[in-house]
Amino acid sequence: MYERAKEPLAAAPLFARRVLRHTAVAAGVIALSLAAGIVGYHHFEGLPWIDALLNASMLMGGMGPVDALHTAPGKLFASAYALYCGLVVMLTTGILLAPFLHRLMHHFHCDPGRGS
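My numbering applies: residue 660 is where the sequence shown begins, and numbers increase by one.
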């Protein structure tokens, strides 16, 4: 997927496609995670879909839930989902930064005689 240490830096169009591909993967992870949160809030707390979306979005954004939780299963779900959302933030940050960090590190390890 990435060029090796002795290969020249990827051309700008290839790098742009790489960044877009990583962005699409990160967006997919976020979308699936948000969908799981929406379904969980709707199922465990009986929230309407729009309120479930609001609570899941706020939790994924680090703000916390909006509606008070009333059931034990809903509270357990919200606890697990909050911890999961923290991991998703770290995961998507890594996915989004990977092409840039690789390019930066590769730049410093390229063989100067090979067109870097």
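Ideal Cβ positions, reconstructed from N, Cα and C, are used throughout, including at glycine.
- A straight-line Cα-Cα distance of about 29 angstroms links Tyr-740 and Phe-759.
- When Ala-686, Arg-663, Met-717 and Ala-727 are compared, the shortest CA-CA separation from Leu-750 is found for Ala-686.
- From the listed residues Leu-712, Leu-679, Leu-673 and Arg-680, the smallest Cα separation to Ala-695 is found for Leu-712.
- DSSP, read as helix, strand or coil, puts His-702 in helix.
- Burial check for Ala-683: the Cβ neighbour count within 10 Å stays below 16, so the residue is exposed.
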